[in-house]
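Chains as they are written, first to last, in the working numbering: chain A, 28 to 142; chain B, 23 to 133.
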């Protein structure tokens, strides 16, 4: 069973507009969430994270929102730039036992920002 | 800055060959991981290690083994490579925080 789901395999957005990438999770023991960005033929790079005690975290053009009751998080990129075109992975972690070591990843959403 | 390096960016091997993928991190991290990434399947954990000489199976360990003789080095071994092991292999390391830091990846093709 897939504990972290990114239901949109791809997303196209016009340059300058907002990109919204969504992620849902099923395991209520997850308490920390991360977004990674991956360019082709490169390793994923950490982008932004949020603890379950918060509902929003902002870093420049990137904001992550967490809705614990809905088990849903989203990444907002404003304004979107062509260099943001990449695959974005949502990941989740717990703070207990083996869960504190591992990240559970979604399957990714490919963002294309059109100039 | 955390630096994770992988021994090869691209590798082509024949079916049945023994393949070694090496990963080195320079941040004295306790935890190291091996993933494979395939289109539409995301990142899947093969093995991880939380200390020297310790290893744990991930979600898809079949056909793979690992070795961690030194803290900074974590090796992935394909005992007898098969075509279904053609993939992008990613190594990561993790310290006390939740974030994992990835290497550049090795694109392995098994023919």
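We put the CB at the ideal spot given by N, CA and C, even for glycine.
If you're wondering where the values come from, they're calculated on a predicted model, not measured in any experiment.
Cβ closer than 8 Å: which chain A residues qualify as neighbours of residue 121 (chain B)?
61, 73 and 76
Grouping DSSP H, G and I as helix and E and B as strand, with all else coil, what is residue 29 (chain A)?
coil
Chain A partners of residue 124 (chain B), CB-CB under 9 Å?
63, 65, 69, 70, 71, 72 and 73
Could you tell me if residue 128 (chain B) is buried or exposed, where buried requires 16 or more neighbouring beta carbons within 10 angstroms of its beta carbon?
buried
Along the chain, where does the beta strand (DSSP E) containing residue 64 (chain B) start, and where does it finish?
64 to 71
Is DSSP giving residue 86 (chain A) helix, strand or coil here?
strand
Which bits of chain B does residue 135 (chain A) rub up against, with CB to CB less than 7 Å?
64
Can you tell me whether residue 53 (chain B) is helix, strand or coil according to DSSP?
strand
Report back the beta-carbon spacing between residue 60 (chain B) and residue 109 (chain B) to the nearest angstrom; my notes put them in contact at under 8 Å.
5 Å
How do the segment 95 to 112 of chain A and the segment 46 to 59 of chain A stand: do at least 3 beta-carbon pairs fall below 8 Å, yes or no?
yes
Residue 141 (chain A) to residue 114 (chain A), Cα distance in whole Å?
15 Å
Cut-off 8 Å between Cβ atoms - residues of its own chain near residue 94 (chain B), not counting five sequence neighbours on either side
46, 47, 48 and 50
Nearest candidate by alpha-carbon position, reference residue 52 (chain B), set B:132, B:31, B:99 and B:77:
B:77
Cα separation between residue 109 (chain A) and residue 42 (chain A)?
6 Å
In chain order, what residues of the same chain have a beta carbon less than 6 Å from the beta carbon of residue 41 (chain B), not counting five sequence neighbours either side?
35, 100 and 103
Measure the beta-carbon distance from residue 121 (chain A) to residue 73 (chain A) and round it to whole angstroms, keeping in mind my assumption that it falls under 8 Å.
Contact flag wrong, Cβ pair sits at about 18 Å.
Helix, strand or coil, according to DSSP, for residue 105 (chain B) in the structure here?
helix
Taking residue 131 (chain A) and residue 40 (chain A) to be in contact with their CB atoms under 8 Å, please state how far apart those CB atoms are, rounded to whole angstroms.
So it is not a contact: roughly 26 Å between Cβ atoms.
Could you give the C-beta distance for residue 125 (chain B) and residue 27 (chain B), rounded to a whole number, given that I count them as a contact under 8 Å?
6 Å
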